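*Asks:* One gets the working numbering by counting positions in the sequence shown from 1 and adding 244 to each.
There's a structure below that I have some questions on.
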Amino acid sequence: MDEDAPDRHVQPALPRRSTSEKLMQKSPKAKHHLWIILGPPAILIFDLVVPCIIYYSWYDIHVSRWRDDCKAHGATPDQCPLTKPEFDKDILGYAIISFGFGELYILVARVCRLVLHPKECAPLLSKSRWELDATSWVYGVSMICALIPFVVSSTREIPVLYLYSPAFLIGFLGVLMLITLIPFPIPIGIDSERRGLPLRPFVFYAAEDMIAVDCLQDCEFRVRFNIRYERSIAFQKMFVHLTLWWFFGVCVYIGCLSAIIWTVQFHIAFGLSLGVLFGFLILWALVSCFWVRHSVRRQAKHERSTSGDTNV
Numbered sequence: 245m246d247e248d249a250p251d252r253h254v255q256p257a258l259p260r261r262s263t264s265e266k267l268m269q270k271s272p273k274a275k276h277h278l279w280i281i282l283g284p285p286a287i288l289i290f291d292l293v294v295p296c297i298i299y300y301s302w303y304d305i306h307v308s309r310w311r312d313d314c315k316a317h318g319a320t321p322d323q324c325p326l327t328k329p330e331f332d333k334d335i336l337g338y339a340i341i342s343f344g345f346g347e348l349y350i351l352v353a354r355v356c357r358l359v360l361h362p363k364e365c366a367p368l369l370s371k372s373r374w375e376l377d378a379t380s381w382v383y384g385v386s387m388i389c390a391l392i393p394f395v396v397s398s399t400r401e402i403p404v405l406y407l408y409s410p411a412f413l414i415g416f417l418g419v420l421m422l423i424t425l426i427p428f429p430i431p432i433g434i435d436s437e438r439r440g441l442p443l444r445p446f447v448f449y450a451a452e453d454m455i456a457v458d459c460l461q462d463c464e465f466r467v468r469f470n471i472r473y474e475r476s477i478a479f480q481k482m483f484v485h486l487t488l489w490w491f492f493g494v495c496v497y498i499g500c501l502s503a504i505i506w507t508v509q510f511h512i513a514f515g516l517s518l519g520v521l522f523g524f525l526i527l528w529a530l531v532s533c534f535w536v537r538h539s540v541r542r543q544a545k546h547e548r549s550t551s552g553d554t555n556v
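In structure tokens:
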């Protein structure tokens with residue numbers, strides 16, 4: 245395959261289509277792209293389950309030894325002069341390795357699909373397979389934002405910074421969400437949008453990339469998605485509202501995480517902080533799905549009532 249593929253990378257003229265046309269028209273078989281379908285389970289396992297198994301196995305063993313040592317000193321756990329173990333740099337480092345593997349897996353999986361199958365799923369304006377898409381670059385930078393405090397906190401044994409590390413990732417995304425709510429002309433092309441056009445909301449870019457690449461809907465979806473956005477004011481407003489909704493979620497998550505970190509002991513905060521992270525992501529994603537489904541159906545119903553179009 246030629247790397248540049250010029251015929252594919254010229255942005256096609258957007259045809260006249262109904263704004264109520266179904267966006268996701270493919271029904272891909274999971275067995276054909278199993279390695280990318282496994283991304284979400286990999287994140288759940290390696291970012292939540294495995295770190296908890298690693299840390300709490302270590303914690304139970306060391307607390308049991310601590311109790312035995314206290315008993316040897318003739319003291320109860322409440323009166324024991326020995327410091328109760330909560331963490332050390334080794335166990336924090338092992339937990340980081342697991343956490344990073346889950347994040348890295350899904351990044352590598354989607355990058356491989358973009359590099360190996362650029363004609364199928366790359367952004368419409370992409371001139372080279374190595375340009376990837378906006379989500380891949382943002383995802384990679386956000387991982388670095390979390391990795392730096394993880395490494396520093398584990399080597400220097402700073403428990404508060406360690407627990408805040410995922411918030412650096414989420415906070416970085418929150419800043420981008422806020423910036424994209426300002427529709428200034430973009431100096432470079434982003435995904436399928438030409439430079440010079442107004443910046444679109446964060447959730448729009450994320451949805452285009454994730455559905456095209458991770459949900460296997462490919463470039464045909466990108467075309468229909470951009471047509472819908474350009475020709476439907478209601479569709480545009482929906483993504484502004486969704487971006488505000490996710491920015492609000494970022495603020496709620498960081499607030500809840502702070503409350504946990506500063507009010508409970510480390511061994512409790514470790515599991516709770518991960519639970520709050522995934523609880524936030526799952527809850528906000530579910531609400532977003534119902535929100536989009538309701539909005540799209542309402543838009544389709546409005547179009548049919550005004551133009552007689554029966555497309556769904």
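For glycine and all other residues, C-beta sits at the position ideal for the given N, C-alpha and C.
Just so you know, these numbers come straight off a predicted model, no measurement behind them.
What residue range does the alpha helix (DSSP H) around C463 cover?
*Replies:* Counting along the chain, C463 sits inside the alpha helix (DSSP H) bounded by residues 462-475.
*Asks:* Give me, in chain order, the residues of the same chain whose beta-carbon lies closer than 6 Å to that of F514; leave out the 5 immediate sequence neighbours on both sides.
*Replies:* Y299
*Asks:* Considering only C-alpha positions, which residue in the set L443, Y497, V467 is nearest to P367?
*Replies:* V467
*Asks:* Measure the beta-carbon distance from R439 to P431 and round it to whole angstroms, keeping in mind my assumption that it falls under 8 Å.
*Replies:* 6 Å
*Asks:* Looking at the structure shown, is P362 part of a helix, part of a strand, or coil, going by DSSP?
*Replies:* helix
*Asks:* Determine the direct distance from the alpha carbon of T399 to that of P321, and round the result to whole angstroms.
*Replies:* One C-alpha to the other measures close to 28 Å.
*Asks:* Name the residue from A478, D435, N470, F290 whose alpha carbon lies nearest to the alpha carbon of H538.
*Replies:* A478
*Asks:* Compare the beta carbon distance of F469 and M421 with 8 Å and say whether it is the shorter of the two.
*Replies:* No; because the gap between Cβ atoms is not below 8 Å, this pair is not in contact.
*Asks:* Would A378 pass as a contact of L501 if the rule is Cβ separation under 8 Å?
*Replies:* no
*Asks:* Hey, is the segment 342-359 in contact with the segment 449-463, meaning 3+ C-beta pairs nearer than 8 Å?
*Replies:* The segment 342-359 makes contact with the segment 449-463; the number of CB pairs closer than 8 Å reaches 3 or more.
*Asks:* Can you find at least 3 beta carbon pairs, one from the segment 384-394 and one from the segment 331-348, that sit closer than 8 Å?
*Replies:* yes
*Asks:* Anyone know if the C-beta pair for L336 and Y408 falls short of 8 Å?
*Replies:* no
*Asks:* Would I414 be called buried (16 or more neighbouring beta carbons within 10 Å of its own) or exposed?
*Replies:* Buried: at least 16 other Cβ atoms inside 10 Å.
*Asks:* Under a Cβ-count criterion, where at least 16 other Cβ atoms within 10 Å of its own Cβ denotes burial, should S436 be classed as buried or exposed?
*Replies:* With 16 or more Cβ atoms within 10 Å of its Cβ, S436 is classed as buried.
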